[in-house]
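Engineer: Got a structure here, written out as structure tokens. Questions coming.
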Amino acid sequence: MTTYYEELHFSSAGENDMKDITDRIQQVITQSQLTEGIACVFVPGSTGSLTTIEFEPGLQKDFPEALNEIAPKNKYYAHHETWHDDNGRSHVKASLMGPSVTIPFHEGKLIHGTWQQIIFIDFDTRPRNRRVIVQLIGEK
Amino acid sequence: MTTYYEELHFSSAGENDMKDITDRIQQVITQSQLTEGIACVFVPGSTGSLTTIEFEPGLQKDFPEALNEIAPKNKYYAHHETWHDDNGRSHVKASLMGPSVTIPFHEGKLIHGTWQQIIFIDFDTRPRNRRVIVQLIGEK
Amino acid sequence: MTTYYEELHFSSAGENDMKDITDRIQQVITQSQLTEGIACVFVPGSTGSLTTIEFEPGLQKDFPEALNEIAPKNKYYAHHETWHDDNGRSHVKASLMGPSVTIPFHEGKLIHGTWQQIIFIDFDTRPRNRRVIVQLIGEK
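Chains as they are written, first to last, in our numbering: chain A, -10 to 129; chain B, -10 to 129; chain C, -10 to 129.
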């Protein structure tokens, strides 16, 4: 039983930009040579989240649209008075969805449905370089 | 320290049908003989989720109703143009809530409140056979 | 590889009161002497949740306000007929957000952004004494 730590680095565009990171998490598992365990995937930062989705163009519109109704752009956010910035809605969406997803792997394969991908979703209001942590716990 | 993998199989009715799987997760822990650790419970598929709730008839109405306001039935979903199906709202709810819940166990018992059950909730628009993964990490 | 179990105890005020528990989780990691692994943080009970947020006064207003629109106070909840209580909205918010957050630690440090704190959020309608479980899995 051991741990295996890796960081994924990529840039994302903000405003609900989604990145499919399924293959990169599988690569970390393969590199680790672990066959049974779990992958804890976590974003350090408070304007992005991780979840799973069927990663196709329709839902790439539908899902952000639903979130934008929960935390609309044209609404007053007290957060803006703290820093004089504009991303109050980004924080609200990220805290609602949470910073992590934990996924089992079995026989060396990350478990997910055929039409289910692991995504990072960037809620910030500008493009950013992002870092996502993958901490595996498992055995060979 | 070891892992213990199990799959739960059941059918669910769709349209926010909830299944209380608390006892089945406890059974997996008991079978594993692990006493300290965590249970990562995960649904492969993008139209169902896992969470905890007080599993009583009132909340079985209240909780789906709140989700139906976030992703209403009578709304346009771009997802329907991809596959010509009707479950855009199912995907939106599932991605919002996430595919997994991770729960500690201690002294051989799954930790949860007296009025807190672990549920699978099926957001799809038709009955389906479901598979839920339980990956334990722990020690005896 | 080992597990390390700890409970945090504190009181919270209800009605979306947030408690920053970042330092207390770090203390558990430090006490455990584990350096690589994950912390599974879980609330037993169905009217509180865990997430991360930039813990500043503005978002302490914005985030609850968004949740209060999802589960408004002045709405009918079938839950109230079961127990003749008043916290249907508390349950809806807690089940939506989920009972746990799982966070990696690396080189002895809990991973989180500079402006990202781990919080417990109390959705109940009255002050309560709360218990939060921290189950670590990791190695020295």
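Quick reminder that beta carbons are idealized off the backbone N, C-alpha and C, glycines included.
Does the distance from the C-beta atom of C:Ala83 to that of C:Ser21 stay below 8 Å?
Structural biologist: Not a contact, by the Cβ cut-off of 8 Å.
Engineer: Taking one C-beta from the stretch 0 to 8 of chain B and one from the stretch 111 to 122 of chain B each time, how about it: are there three or more such pairs within less than 8 Å?
Structural biologist: They touch, by the three-pair rule.
Engineer: Hey, could you find the ends of the alpha helix (DSSP H) B:His80 is sitting in?
Structural biologist: Residues 77 to 86.
Engineer: State the start and end residues of the unbroken beta strand (DSSP E) segment that holds B:Val30.
Structural biologist: First-last of the beta strand (DSSP E) with B:Val30: 25 to 31.
Engineer: Would you mind telling me which residues of chain A sit closer than 9 Å to B:Leu85, beta carbon to beta carbon, in chain order?
Structural biologist: In chain order: Thr40, Phe52, Ala55, Leu56, Ile59, Leu85, Met86.
Engineer: Does chain C have any CB closer than 8 Å to the CB of A:Met(-10)?
Structural biologist: Chain C contact via Cβ: present.
Engineer: Can you grab the Cα-Cα spacing for the pair C:His(-2) / C:Ile14, in whole Å?
Structural biologist: Taking the straight line from one Cα to the other gives about 12 Å.
Engineer: Would you verify that the beta carbon of A:Ala67 is, or is not, closer than 8 Å to some beta carbon of chain C?
Structural biologist: Closer than 8 Å to some Cβ of chain C, the Cβ of A:Ala67 qualifies, so yes.
Engineer: How about the stretch 86 to 94 of chain A and the stretch 74 to 81 of chain C: do they share at least three Cβ pairs that are nearer than 8 Å?
Structural biologist: Flag = no, the stretch 86 to 94 of chain A and the stretch 74 to 81 of chain C do not touch.
Engineer: Counting only Cβ pairs nearer than 8 Å, list the residues of chain B close to A:Val90.
Structural biologist: By Cβ distance, chain B contributes Gly87, Pro88, Ser89.
Engineer: Output, in chain order, the set of chain A residues within a Cβ distance shorter than 7 Å of C:Pro93.
Structural biologist: Those are Cys29, Phe31, Ile122, Gln124, listed as they occur along chain A.
Engineer: Establish whether the CB of A:His(-2) and some CB of chain C are separated by less than 8 Å.
Structural biologist: With 8 Å as the cut-off, A:His(-2) does not count as an interface residue toward chain C.
Engineer: Please confirm if the stretch 94 to 107 of chain A is in contact with the stretch 23 to 35 of chain A, defined as three or more CB-CB distances below 8 Å between the two stretches.
Structural biologist: They touch, by the three-pair rule.
Engineer: Looking at the secondary structure, which residues open and close the alpha helix (DSSP H) in which C:Asn57 lies?
Structural biologist: Unbroken alpha helix (DSSP H) run through C:Asn57: 46 to 59.
Engineer: What residue does the beta strand (DSSP E) around B:Ile122 start on, and which one ends it?
Structural biologist: Taken as a continuous stretch (DSSP letters only), the beta strand (DSSP E) holding B:Ile122 covers 117 to 128.
Engineer: Below 7 Å on C-beta distance, what does A:Gly34 contact in chain C?
Structural biologist: Chain C residues near A:Gly34: Gly102, Gln105.
Engineer: Contact criterion: CB-CB distance below 8 Å. Does A:Leu99 meet it with respect to chain B?
Structural biologist: False, the Cβ-Cβ gap to chain B never drops below 8 Å.
Engineer: For the 8 Å Cβ check, are there 3 or more pairs between the stretch 56 to 76 of chain A and the stretch 39 to 59 of chain C?
Structural biologist: Taking 8 Å as the limit for Cβ pairs, the verdict is that the stretch 39 to 59 of chain C does touch the stretch 56 to 76 of chain A.
Engineer: Less than 8 Å separating the beta-carbons of C:Pro53 and A:Phe31?
Structural biologist: No; because the gap between Cβ atoms is not below 8 Å, this pair is not in contact.
Engineer: In chain order, what residues of the same chain lie with their CB nearer than 8 Å to the CB of B:Glu(-4), ignoring the 5 residues before and after it?
Structural biologist: For B:Glu(-4), where only same-chain residues beyond five positions count, the Cβ hits under 8 Å are Arg120, Val121, Ile122, Val123.
Engineer: Can you round the beta-carbon distance between C:Asp51 and A:Ala67 to whole angstroms, since I take them to be within the 8 Å contact cut?
Structural biologist: Indeed they touch by this definition, with Cβ atoms about 5 Å apart.
Engineer: Alpha carbons only, please: which of A:Tyr(-7), A:Lys129, A:Thr11 is nearest the one belonging to A:Leu105?
Structural biologist: The residue asked about is misnamed: residue 105 of chain A is Gln in this sequence, not Leu. The residue with the shortest Cα to Cα distance from A:Gln105 is A:Thr11.
Engineer: Starting from C:Ser21 and walking both ways along the alpha helix (DSSP H), at which residues does that stretch end?
Structural biologist: Unbroken alpha helix (DSSP H) run through C:Ser21: 11 to 21.
Engineer: Please report how far the alpha carbon of A:Pro116 lies from the alpha carbon of C:Asp75, in whole angstroms.
Structural biologist: Answer to the nearest angstrom: the Cα atoms are 43 Å apart.
Engineer: Out of curiosity, what's the CA-to-CA distance linking B:Thr41 and C:Leu39?
Structural biologist: So the alpha carbons of these two residues sit roughly 13 Å apart.
Engineer: Please classify C:Lys8 as buried or exposed, where buried requires at least 16 neighbouring CB atoms within 10 angstroms.
Structural biologist: Under this definition C:Lys8 is a buried residue.
Engineer: Just the C-alpha distance for A:Met(-10) and B:Leu125, rounded to the nearest angstrom, thanks.
Structural biologist: Rounded to the nearest angstrom, the two C-alpha atoms are 13 Å apart.
Engineer: Does the beta carbon of C:His80 come closer than 8 Å to any beta carbon on chain B?
Structural biologist: With 8 Å as the cut-off, C:His80 counts as an interface residue toward chain B.
Engineer: At a CB-CB cut-off below 9 Å, which residues of chain B make contact with A:Glu4?
Structural biologist: Going along chain B, no residue has its Cβ under 9 Å from A:Glu4, so there is no contact; the nearest lies around 17 Å.
Engineer: Could you check whether the Cβ of B:Gly37 sits closer than 8 Å to any Cβ belonging to chain C?
Structural biologist: Judged by the 8 Å Cβ criterion, B:Gly37 is not in contact with chain C.
Engineer: For B:Glu70, return the contacting residues in chain A, with the cut-off set at a CB-CB distance below 8 Å.
Structural biologist: Correct list: Gly47.
Engineer: Taking buried to mean at least 16 other C-beta atoms within 10 Å of its own C-beta, is A:Pro33 buried or exposed?
Structural biologist: It is buried - the Cβ of A:Pro33 has at least 16 other Cβ atoms within 10 Å.
Engineer: Using a Cβ-Cβ cutoff of less than 6 Å, which residues in the same chain neighbour A:Asn63 once the five nearest sequence positions on both sides are dropped?
Structural biologist: No residues qualify anywhere along the chain.
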